[in-house]
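Engineer: There's a structure below that I have some questions on.
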Amino acid sequence: MANILDVKINDFMAKVIAKNPGETEFHQAVKEVVESLLPFIEENPKYRHAKILERITEPERVIMFRVPWLDDKGEIQVNRGFRIEMNSAIGPYKGGLRFHPTVNLGILKFLAFEQVFKNSLTTLPMGGGKGGSDFDPKAKSDNEVMRFCQSFMTELSRHIGQDTDVPAGDIGVGGREIGYMFGQYKRIRNEFTGVLTGKGLEWGGSLIRPEATGYGAVYFAEEMLKTKNESMKGKIATVSGSGNVAQYTVEKLLQLGAKPVTLSDSEGFIYDPDGIDTEKLQYVMHLKNIKRGRIKEYADKYKVKYVEGQRPWSVKCDLAFPSATQNEINEDDARELVKNGCKVVSEGANMPSTPEAVEVFLSEKILYGPGKAANAGGVATSGLEMTQNSMRLPWSREEVDSKLHQIMINIHATCVKYGTDSSGYINYVNGANIGGFIKVADAMIAQGLV
Ligand code: NDP
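Sequence positions in the sequence shown follow the working numbering and run 21 to 470.
If you want it as structure tokens, here you go:
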């Protein structure tokens, strides 16, 4: 049986690769899902007859556009903008915008594909999408970022809407960028609607949205630990990145009694064996969100170790929270983590572990929470923001946090339901893929050939 399945997976992947040449991250994301799903589909042939896998791997729509803007010297710059509208079977397209020089079609298609399953897992009515640009906000003035965002939204505004497609933030897109884009959308369309999430609190944003992805990744890790009758208290945690997800991962770890000891950015990582406490975290938030500086400055200020050009996976820990970018844990890193006693990996970032690294985690049977489950708290809270915008009513901090917490508990339960193997090991990869797939696939079948 295994061999026949392998042949089917390889045949399917050969077609995906031929159709989407050069999009390596997209191939990687599809392969992981197909490996989980094919055995399930063999047992449930209605999905095979309806060609759901073939349909779900083809975006409903891809929009690619020119973004011209003027820099502070008065020179014309040209970037490329994208929006991938992947799947709307269970709701309007929903997913973040990424501004980073590495952005390309394949990366955004991988992110949009993952988003379909993630959004379904939240149980909220959201389809999957993703977008962004190869624009690099680093070292740009606020005015340059504004002019870029306005030009980007001038085109994007034709394709989105509160009942059509509702973007949010991702790497390089935080409150500042969402603000500039929302302002431009409002100007062009003359309507004040919940067309973007991650908005400022005074103009339709939700409490807890900035915190949600990081908090959710920690709640998910807590649920994983509970399956072993363990808690966060006293556990040492490595965290990568130092942006939105990393910052609020550290905050929630502190609230639950764990000790975060690392942070990183694209240039290196810091290791603070005494722990990154609340005061140090405030410093990081100011450094990264206001001053827009480098993490190395933390090491200079607190006299701790800074390792240039590396990621923090060689540091001994009980819990690891990759919260920077895709493929930031390779096979060697995974082996190092396991060798050093790491028992839990909860992915705040999207697809931060390479397939070889995932293989190590699964074969060593550690508690491994893949991004599409562990970081779904961000989009779930975006879903709550959409509800508040429709009702034109804000909810309290406690109300949103408790809804987020319950959603993470439910996602965990879904993974346990669909991912527990005959030995009792919870394979969260299978659990998330199958659990996320069923609702979307059933909706696609019910809606006919869409
Ligand atoms: P931010 O832009 O706020 O922070 C990103 C962090 O990761 C920065 O520290 C950045 O360092 C680092 N980083 C980015 N690219 C690279 C790279 N190629 N190599 C090494 N480090 C890198 O983004 P977020 O915190 O929002 O996003 C982090 C991850 O979480 C992404 O994978 C994103 O898709 C995922 N995610 C985010 C959600 C959200 O709600 N924001 C929701 C779900 C997932 P530097 O400053 O040097 O670039």
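Glycine included, each C-beta is placed from N, C-alpha and C at the ideal position.
1. Should Arg229 be labelled buried (16 or more other beta-carbon atoms within 10 Å of its own) or exposed?
2. Alpha carbons only, please: which of Leu382, Ala344, Glu271, Asp352 is nearest the one belonging to Glu287?
3. Report yes if the C-beta of Gly261 is less than 7 Å from at least one heavy atom of ligand 1; otherwise report no.
4. Using only the alpha-carbon positions, how far apart do Ser373 and Glu348 sit?
5. How many Å lie between Asp156 and Asn30 at the Cα?
6. Got a sec, what are the start and stop residues for the beta strand (DSSP E) Ile256 sits in?
7. Roughly how far, in whole angstroms, is the beta-carbon of Ile455 from the beta-carbon of Thr434, given that I think they are within contact range, below 8 Å?
8. Using a Cβ-based criterion (distance less than 7 Å to any ligand heavy atom), does Gly148 qualify as near ligand 1?
9. So, with DSSP's three-state summary, where would you put Ser422?
10. Entirely within the segment 145 to 224 and at least 3 residues each: give me those beta strand (DSSP E) ranges in chain order.
11. Counting beta carbon pairs with one atom in the segment 356 to 363 and one in the segment 203 to 210, are three or more of them shorter than 8 Å?
12. Taking 7 Å as the cut-off, is the beta-carbon of His69 closer than that to any non-hydrogen atom of ligand 1?
13. Lys255 to Tyr235, Cα distance in whole Å?
14. Classify Leu227 as helix, strand or coil using the three-state DSSP reduction.
15. Using only alpha-carbon positions, find the residue among Ile110, Glu164, Val82 that is nearest to Asp91.
16. Is it buried or exposed, Lys437, if we count other Cβ atoms within 10 angstroms and call 16 or more buried?
17. Using alpha carbons as the reference points, say which of Ala232, Glu231, Met252 lies closest to Ala241.
18. Can you name, in chain order, every residue of its own chain whose Cβ lies under 7 Å from the Cβ of Val36, other than the five neighbours on each side?
19. How many angstroms separate the CA atom of Arg118 from the CA atom of Glu379?
20. Suppose the cutoff is 8 Å on Cβ atoms and the five residues either side in sequence are ignored; what does the same chain contact list for Leu301 look like?
21. Does DSSP put Ala279 in a helix, a strand or coil?
22. Tell me the DSSP secondary structure of Gly398 in three-state form.
23. Can you tell me which of the three DSSP states Thr374 falls into?
24. Taking its Cβ as the centre, do 16 or more other Cβ atoms sit within 10 Å of Gln135, making it buried, or is it exposed?
25. Would you kindly work out how many angstroms separate the C-alpha atoms of Glu250 and Asp338, rounded to a whole number?
26. How big is the Cα-Cα spacing for Gly115 and Val186?
27. Could you tell me whether any non-hydrogen atom of ligand 1 is closer than 7 Å to the CB of Glu348?
28. Using the rule of at least 16 other Cβ atoms within 10 Å of the residue's Cβ for burial, across every protein chain shown, is Trp223 buried or exposed?
29. Would you kindly report the start and end of the unbroken alpha helix (DSSP H) that includes Pro65?
30. For a test of the three-state rule: what should DSSP assign to Met106, helix, strand or coil?
31. Exposed or buried, Arg331, counting other C-beta atoms within 10 Å across all chains shown (16 or more means buried)?
32. Alpha carbon to alpha carbon, how far is Glu45 from Ala377? Give it in angstroms, no decimals.
33. Quick one: using the 10 Å Cβ neighbour count with 16 as the cut-off for buried, is Tyr113 buried or exposed?
34. Which of the three DSSP states is assigned to Ala241 in this structure?
35. I'd like to check one pair, Val335 with Val420: are the Cβ atoms closer than 8 Å?
36. Met252 by DSSP, collapsed to three states: which one?
Structural biologist: Reading off the structure:
1. Only buried fits Arg229, as 16 or more other CB atoms lie within 10 angstroms of its CB.
2. Ala344
3. yes
4. 6 Å
5. Between the alpha carbons of Asp156 and Asn30 lies a gap of roughly 37 Å.
6. Segment 256 to 259, the beta strand (DSSP E) holding Ile256.
7. Looking at the sequence itself, residue 455 is Gly, so the reference to Ile does not match. Confirmed, about 4 Å.
8. Not under cutoff, so the answer is no.
9. Correct three-state label for Ser422: helix.
10. 148 to 153, 185 to 188
11. For the pair of segments examined, the segment 203 to 210 was found not to touch the segment 356 to 363: the number of CB pairs separated by less than 8 Å stays below three.
12. It does not: the Cβ of His69 is nowhere closer than 7 Å to a heavy atom of ligand 1.
13. 16 Å
14. coil
15. Glu164
16. exposed
17. Closest in alpha carbon position to Ala241, among Ala232, Glu231, Met252, is Met252.
18. His47, Val50, Thr77
19. 28 Å
20. Gln267, Val270, Glu271, Leu274
21. First, the residue type needs correcting, since residue 279 is Lys and not Ala in the sequence shown. Strand at Lys279.
22. In the structure shown, the three-state DSSP call for Gly398 is helix.
23. coil
24. buried
25. Between Glu250 and Asp338, the C-alpha separation is close to 12 Å.
26. 7 Å
27. yes
28. The residue in question, Trp223, is exposed, as its Cβ has fewer than 16 Cβ neighbours within 10 Å.
29. 65 to 69
30. strand
31. Arg331 is buried by the Cβ-count criterion.
32. Between the alpha carbons of Ala377 and Glu45 lies a distance of about 15 Å.
33. buried
34. helix
35. no
36. coil
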